């Protein structure tokens, strides 16, 4: 995501409002997640941390269908500084 738009966003809508909509969508879909966050390093990434390894497949299978396919390049791994959590990450496309 280059910050120019998010799916269904009006050009007058502040960027923080659009980012909050992404977070709200993820929190509504994954209420049992330990933490949900966004990170920008040239691309916008969403991170969803869960406790149980069995939850990883559920999150990975739901992400591509959310927000009209805005979540791509889905991967999972360890959560930094939390060895018993699992992190599912994706790039957020705008």
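Numbering (my numbering), first residue to last: 18 to 111.
Just so you know, even glycine gets a beta-carbon here, dropped at the ideal spot from N, CA and C.
Remember, predicted model here, so these are calculated numbers, not experimental data.
Using the beta-carbon count (16 or more within 10 Å), is residue i buried or exposed?
i           : result
residue 95  : exposed
residue 106 : buried
residue 59  : exposed
residue 43  : buried
Looking at the unbroken beta strand (DSSP E) that takes in residue i, where does it start and where does it end?
i           : result
residue 104 : 99–109
residue 94  : 88–96
So residue i packs on residue j, CB below 8 Å; how close in whole Å?
i           : j           : result
residue 70  : residue 103 : 6 Å
residue 108 : residue 90  : 4 Å
What first and last residue would you give for the alpha helix (DSSP H) that runs through residue i?
i          : result
residue 71 : 71–79
*Stretch-stretch touch, CB-based, cutoff 8 Å, three pairs: the segment 29–37 with the segment 76–83*: The segment 76–83 and the segment 29–37 do not touch, with fewer than three beta-carbon pairs separated by less than 8 Å.
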